[in-house]
Amino acid sequence: SQQGEEDPQALSIQEGENATMNCSYKTSINNLQWYRQNSGRGLVHLILIRSNEREKHSGRLRVTLDTSKKSSSLLITASRAADTASYFCATDAHTGNQFYFGTGTSLTVIP
Amino acid sequence: SQTIHQWPATLVQPVGSPLSLECTVEGTSNPNLYWYRQAAGRGLQLLFYSVGIGQISSEVPQNLSASRPQDRQFILSSKKLLLSDSGFYLCAWSWEPYNEQFFGPGTRLTVL
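The listed protein sequences correspond, in order, to chains A and B.
At position 6 of the first sequence (counting the first as 1) the number is 6 in the working numbering, and the numbers step up by one without a gap.
The working numbering runs 111 ahead of the 1-based position in the second sequence.
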């Protein structure tokens with residue numbers, strides 16, 4: 001299936017450090033998105049990067065996309081305790097209306 | 112502004128009982144609608160999506176079904192729940208395919 005895979009599954013860092021999460025997928029995409037989920041809550045959209053883009057920034061977030069390697073990374077700079085959450089990448093199916101989410105990276109930022 | 116509602120927030124049901132989860136969107140028209148299931152500590156599994164009233168696409172064969180009786184209403188149903196149906200059910204909408212999805216607060220279903 002197209003479902004993405006995030007790496008690592010879990011990440012624990014100190015407040016102020018940077019956090020990097022990776023996502024790999026299998027087939028061609030139109031765009032790739034990153035979402036955040038606090039425990040027991042719905043997902044919140046963070047950033048969308050299109051297949052013809054290589055890098056995108058939003059505040060402390062930096063996303064890169066390498067379509068030749070079918071991979072993306074999410075960098076959170078100067079992390080805060082409030083960044084503690086699970087982070088998911090989502091890819092479309094290139095044709096169709098559905099999205100496929102990865103298994104997520106659980107980030108813990110220690111104050 | 113747009114809002115998405117899901118209810119109930121939590122539900123405990125016995126095996127073999129029926130299920131009906133409702134999702135409604137306010138503040139937009141003709142949204143794309145999605146149902147996902149998330150098992151404990153896992154990623155999201157797309158169950159159904161809909162691009163319009165009465166138009167439902169199923170991603171995973173199972174004992175669940177979905178309906179869209181109105182433009183902004185999406186219902187997830189089952190005639191007989193299985194233990195494996197337990198999970199966190201999320202409804203989402205988007206304006207267009209491939210664009211940002213907006214998620215509801217979710218329904219935590221426990222089948223005993």
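Idealized CB from N, CA, C, for every residue including glycine.
Taking all protein chains in view, the Cβ of residue 126(B) is surrounded by fewer than 16 other Cβ atoms within 10 Å, so the residue is classified as exposed. The Cβ-Cβ distance between residue 81(A) and residue 16(A) does not fall below 8 Å. Under the three-state reduction of DSSP, residue 85(A) is assigned to strand. Rounded to the nearest whole angstrom, the CA to CA distance from residue 147(B) to residue 201(B) is 5 Å.
For residue 136(B) and residue 114(B), the gap between their C-alpha atoms comes out near 6 Å. Excluding residues up to 5 positions away in sequence, 64 lie with their Cβ nearer than 6 Å to the Cβ of residue 55(A) in the same chain. Contacts with chain B at 8 Å (Cβ-Cβ) include residue 92(A). In summary, the residues of the segment 153-185 of chain B whose CB is separated from some CB of chain A by less than 7 Å are 153, 154, 155, 157, 160, 162 and 170, in the order they occur in the chain.
Residue-level contact by beta carbon fails for residue 132(B) and chain A, as no gap is shorter than 8 Å. In this structure, residue 171(B) keeps its C-beta atom at 8 Å or more from the C-beta atom of residue 196(B). Residues of chain B with a Cβ closer than 9 Å to the Cβ of residue 16(A) do not exist; the shortest Cβ-Cβ separation is about 27 Å. Counting other Cβ atoms within 10 Å of its Cβ, residue 217(B) reaches 16 or more and is therefore classed as buried.
Here residue 158(B) is near residue 175(B), since their CB atoms are less than 8 Å apart.
The residue among 68(A), 76(A), 109(A) and 104(A) with its C-alpha nearest the C-alpha of residue 23(A) is 104(A). For the segment 205-218 of chain B, residues whose beta-carbon sits nearer than 8 Å to a beta-carbon of chain A comprise 208, 209, 210, 211, 212, 213, 214, 215, 216 and 217.
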